[in-house]
Amino acid sequence: MMNPGEEALARPRLLGWLPVLGRDERRDLFETFQAGGTWNVDFVVMMGLSTALAAFGLLNNSPAAVIGAMLVAPLMSPLLGAGFALVQGNVNLFRGCIKAMTYGIVVSIVVSLVIGLITPGYDPTAEVEARGQVNLLDLGVALLSGMAAAYATARPGLAATLSGVAIAAALVPPLAVVGIAAASGEFVLSGFSAVLFLTNVVAIILGAGLVFRLLGVQGALGETAAPLWARRTRIGLILATVVLIIPLGARLETQLETGQVRPAGYPLPTAMRDVILEKVESEPGIEVVAMARYATSPEAGAQVILASQVPVPLGFVEYIESAIRSVAGSQSTVRVTILQAAPGAELDAPKIDEEGG
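Have a look at this one:
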């Protein structure tokens, strides 16, 4: 087995400034990940509590609660442990970390699904909708988060920075949205949130493994080549990353073209949305272009944009406003705008998803 000095010489000169972990430091890392990546009662309790905190924070549109959930979630440790095990070729540690992560995912989805079922008709807040806006930037954030977390874990003097890394990685909020969105029948949002979580998992493991290798972590028994299972797993993770890059890049391009990388308005409550659609559908030739509100409070009311290819009946705008206020309250602010096509012209309005505006 090479000593730290030989390991440093074995690395490219460009990386010579990086510290090399000694045998004792590598052993300490192994013990840390073996303890933190173990499926036990503590892990279950913290996964359940962090998911519940994230779910209620998302439903209440509370960034503070969501951030708190990120800080107490225990998922980062098994992911870093998996990256460490891949580099070290430690199959038992890798299996333990994957087992803890898998069971943790199941607990998280079950908890969030139950919360979604006991809060029917919830308002899909901007915090919830944002988890469905996954794109290539999220992959970059996850990769850098994994690298930063691995480096901070390996360097005891940087342990205080791990809380910031946990916030950047945001592992639990997407899982919470998977459950609460599925419970409400919003399977597209649930699916995109699952993609965001998968992106985070793959990128964090790869980023962590890269940093541990650069810091001098080797095979558990000093082998010069990684075991076959480790090589195959690395290749699989790299291929998964390549597969993710294509749709995530296309999604980012689409979002940049439309100028809607993140939701700009809050979706309307289900009752208000249903009232608007019912009134609009009663008038042929009029369709909804967009509807949203700009705050979560009930008095925020709504802003509705309609497109019409026919003359709008007298009093139709007031009719829509009255219907909205019957749900939102008489003091709520309501604005209804109609895009009227010129006689004989076809109005090609950019129709927006009626689920959220």
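If you're matching positions, the sequence shown starts at 4 in our numbering and goes up one per residue.
Quick reminder that beta carbons are idealized off the backbone N, C-alpha and C, glycines included.
Starting from the C-beta of residue i, find all residues in its chain whose C-beta is less than 7 Å away, skip the five residues before and the five after it, and write them out in chain order.
i	result
residue 231	none
residue 186	116, 119, 120
residue 70	170
residue 21	217, 218
residue 214	150, 153, 154
residue 260	none
residue 80	36, 39, 40
residue 328	335, 337
residue 229	92, 222
Which class does residue i belong to by DSSP, given the choice of helix, strand or coil?
i	result
residue 286	coil
residue 264	Low confidence applies here, because residue 264 scores a pLDDT of 45, under 50, leaving its location unreliable and the question unanswered by this model.
residue 357	A caution first: residue 357 carries a pLDDT of 43, below 50, which makes its placement in the model unreliable, though a value can still be read off. It is coil, neither helix nor strand.
residue 114	helix
residue 37	helix
residue 217	helix
residue 291	strand
residue 338	strand
residue 91	helix
residue 258	helix
residue 361	Given that the chain is displayed from residue 4 to residue 360, the structure contains no residue 361 and the question cannot be resolved.
residue 158	coil
residue 26	helix
residue 152	helix
residue 134	coil
residue 76	coil
residue 68	helix
residue 305	strand
Write down the C-beta distance between residue i and residue j rounded to the nearest angstrom, noting that I regard them as a contact closer than 8 Å.
i	j	result
residue 146	residue 76	19 Å between Cβ atoms; not a contact.
residue 161	residue 177	Actually they do not touch by this definition, with Cβ atoms about 26 Å apart.
residue 51	residue 110	6 Å
residue 251	residue 137	7 Å
Beta carbon of residue i, beta carbon of residue j: below 8 Å?
i	j	result
residue 315	residue 339	no
residue 129	residue 42	no
residue 240	residue 208	yes
residue 58	residue 179	yes
residue 100	residue 36	yes
residue 308	residue 342	yes
residue 148	residue 133	no
residue 270	residue 305	no
residue 53	residue 38	no
residue 212	residue 89	yes
residue 86	residue 46	no
Within its chain, find whatever has a CB closer than 8 Å to the CB of residue i; leave out the 5 residues flanking it on each side and keep chain order.
i	result
residue 183	58, 61, 62, 115, 116, 118, 119, 122, 125, 131
residue 244	142, 205, 206, 209
Near residue i, what residues of its chain come up, given a Cβ to Cβ distance below 6 Å and the 5 sequence neighbours on each side ignored?
i	result
residue 326	278, 282
residue 274	330
residue 197	181
residue 28	none
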